[in-house]
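Just so you know, the sequences run in chain order R and G.
Reminder that position 87 of the first sequence reads as 87 in my numbering, one-by-one numbering, no gaps.
Start counting at 1 in the second sequence, then tack on 1000, and there's your number in my numbering.
For every residue, glycine included, the Cβ atom is placed at its ideal position computed from N, Cα and C.
Protein chains: 2
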Amino acid sequence: MDAIISEDARVVRTREALRQAMTDLASEAPLEAITIRAVAARAGVGYATFFRHYADKEALLADVADQLTRAFLEQVRPLLRQKDRLAAARSLCAFVEDHLPIHRALIAGGAGDTVRAEMLRQTLATVAQARGRVPESALDELVLFHVVSSILNLLAWWLRNLDRVDAEAMGEIIERTVLTPVGALQRQPPAGLEPGGPAS
Amino acid sequence: MDAIISEDARVVRTREALRQAMTDLASEAPLEAITIRAVAARAGVGYATFFRHYADKEALLADVADQLTRAFLEQVRPLLRQKDRLAAARSLCAFVEDHLPIHRALIAGGAGDTVRAEMLRQTLATVAQARGRVPESALDELVLFHVVSSILNLLAWWLRNLDRVDAEAMGEIIERTVLTPVGALQRQPPAGLEPGGPAS
DNA sequence: TCGTTATGATACACTGTGTATCGTAACTGG
DNA sequence: CCAGTTACGATACACAGTGTATCATAACGA
Chain R
1 MDAIISEDAR VVRTREALRQ AMTDLASEAP LEAITIRAVA ARAGVGYATF
51 FRHYADKEAL LADVADQLTR AFLEQVRPLL RQKDRLAAAR SLCAFVEDHL
101 PIHRALIAGG AGDTVRAEML RQTLATVAQA RGRVPESALD ELVLFHVVSS
151 ILNLLAWWLR NLDRVDAEAM GEIIERTVLT PVGALQRQPP AGLEPGGPAS
Chain G
1001 MDAIISEDAR VVRTREALRQ AMTDLASEAP LEAITIRAVA ARAGVGYATF
1051 FRHYADKEAL LADVADQLTR AFLEQVRPLL RQKDRLAAAR SLCAFVEDHL
1101 PIHRALIAGG AGDTVRAEML RQTLATVAQA RGRVPESALD ELVLFHVVSS
1151 ILNLLAWWLR NLDRVDAEAM GEIIERTVLT PVGALQRQPP AGLEPGGPAS
């Protein structure tokens, strides 16, 4: 199994330049207004070269979102194990604030919808893999979907209104509007769901 | 002020055909795969005729979303005045279930992201206009944003999983994960927000 | 240093958009 | 019912963006 032995320096350089260019442009214009030619130009790379690395615009954006999501999850994972949800939410907001430019460009920028969708997709896949396997109850699946998409939405709003709410308050809002209510729902689920629900 | 005296019957017919065609196609394919030519063809209308009514694809979709939002708000408004949040949430889900095809096509379909964004936009504008005026506190604005987008997101998930959760359970989930937590947040706001917060 | 490989530049076919034009058909007001 | 108005269908067109192909050149790794 000869995995990644050594990647050509030019490839690494070009890919990084393209990712950076896409991130830059995403903070300036909506995704549909970003042409592949513009990305290549900003990256200082030939137009045709783009397609030697990514099939299309979305593939590059997915790669960018993928890297962001990895850092995101790496940061969040240890927080989920602890029981103090408020501290966890505040840590997340502090982390976002510490790496403001990239989060503002990608989560709240012109490609925010696509990036958040990709982050949601990857997070769901990661969690499903971390658990036993995929077959969750409907409630578990819905709760996970709601938590992730709500947090990303709230962060997107916050990143467009940083001057109005500080990180600590934002953490408290996330904890009180998302994390705690969802915990209560899991402890005492409603009826009318598919079988396989609570394992009380 | 000569408003709408009488609209040419052909115009009404063509617009309705285009809206219906867009709705149909949105339930079958992602928005970027829906061409204006396909919409015109499905509507039984000439290609050039499309542009006599809408500037582009998004304008038609906005019109469709606008009509859906009107019906939506008309349905929800009376429920907001009542204090029983659970009953209100269940009514909303029952309403969606009663008009399943159009909601599934537009909220959960291939143009779901765009439609939900447009519904959010219009709802925010409507509420801002209904209140005194625009200048709300940061908390109010964030809460409203969160409530509307969360509900639309939850409905989108539900419309893709109708067989797993019934309308009553879905209403309870919305009430417990969105409405009630937000009410508690408004009654006891966190610190760290811009001035103009609670009017206690 | 030498063979390999990524890159730049350029040309090309293709698809979708939006505009312009003109003869025809349908509607409205009288 | 009729005459003027107006929307429609069809077609041609310019334009922009995508994705592919080709080839000489430069940069890389061993």
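- Of the residues assessed, His-103(R) falls on the buried side of the cut-off, its CB having 16 or more other CB atoms within 10 angstroms.
- Trp-1158(G) and Ala-1108(G) have their C-alpha atoms roughly 9 angstroms apart.
- For Lys-57(R), the uninterrupted alpha helix (DSSP H) segment begins and ends at 57-81.
- For Ala-1029(G) and Glu-1097(G), the gap between their C-alpha atoms comes out near 22 angstroms.
- Secondary structure remark: continuous alpha helix (DSSP H) runs of at least 4 residues inside the segment 1014-1055 of chain G, in chain order: 1036-1043 and 1047-1051.
- Residues of the segment 138-168 of chain R whose Cβ lies closer than 7 angstroms to any Cβ of chain G, in chain order: Ala-138, Leu-142, Phe-145, His-146, Ser-149, Ser-150, Asn-153, Leu-154, Trp-157, Asn-161, Arg-164, Val-165, Asp-166 and Glu-168.
- Of the other Cβ atoms in all chains shown, 16 or more fall within 10 Å of the Cβ of His-146(R); this residue is therefore buried.
- Closer than 8 angstroms to the CB of Pro-181(R) there is at least one CB belonging to chain G.
- Here Glu-1175(G) is near Arg-1085(G), since their CB atoms are less than 8 angstroms apart.
- Contact between Leu-1144(G) and Val-1127(G) holds, since their C-beta atoms are separated by about 6 angstroms, short of 8 angstroms.
- By the rule that beta-carbons nearer than 8 angstroms mark a contact, Leu-1185(G) touches chain R.
- Put simply, the CB of Ile-1173(G) is near chain R, with a gap under 8 angstroms to one of its CB atoms.
- DSSP, reduced to helix, strand and coil, places Leu-193(R) within a strand of the structure shown.
- Below the 8 angstroms Cβ cutoff, chain G contributes Asp-1163, Arg-1164 and Val-1165 as neighbours of Glu-194(R), in chain order.
- A direct Cα-Cα distance of roughly 44 angstroms separates Val-1064(G) from Pro-78(R).
- 8 angstroms or more divides the Cβ of Ala-26(R) from the Cβ of Arg-1164(G).
- In this structure, Leu-179(R) is the residue among Leu-179(R), Gly-192(R) and Gln-188(R) with its C-alpha nearest to the C-alpha of Leu-80(R).
- Annotated as distal: Arg-1121(G) and Ala-1156(G), with beta-carbon spacing of 8 angstroms or more.
- Contact note: Arg-1010(G) does not reach chain R at a C-beta cutoff of 8 angstroms; the least C-beta distance is about 32 angstroms.
- Your pair Thr-114(R) and Leu-185(R) does not check out as a contact, with CB atoms roughly 29 angstroms apart and the cut at 8 angstroms.
- Any Cβ of chain R closer than 8 angstroms to the Cβ of Arg-1176(G) would place that residue at the interface, and such an atom is present.
- Note on geometry: alpha-carbon atoms of Ala-1048(G) and Ile-1036(G) lie some 10 angstroms from one another.
- Residue pairing from DSSP places Val-165(R) in a beta bridge opposite Leu-1193(G).
- Ranked by Cα distance from Glu-1194(G), the first of Leu-60(R), Ile-34(R), Arg-70(R) and Asp-166(R) is Asp-166(R).
- Secondary structure of His-103(R) (DSSP, three-state): helix.
- The contact set of Ala-191(R) on chain G, defined by CB atoms closer than 7 angstroms, consists of Ala-1169 in chain order.
- At least one beta carbon of chain R lies nearer than 8 angstroms to the beta carbon of Asp-1113(G).
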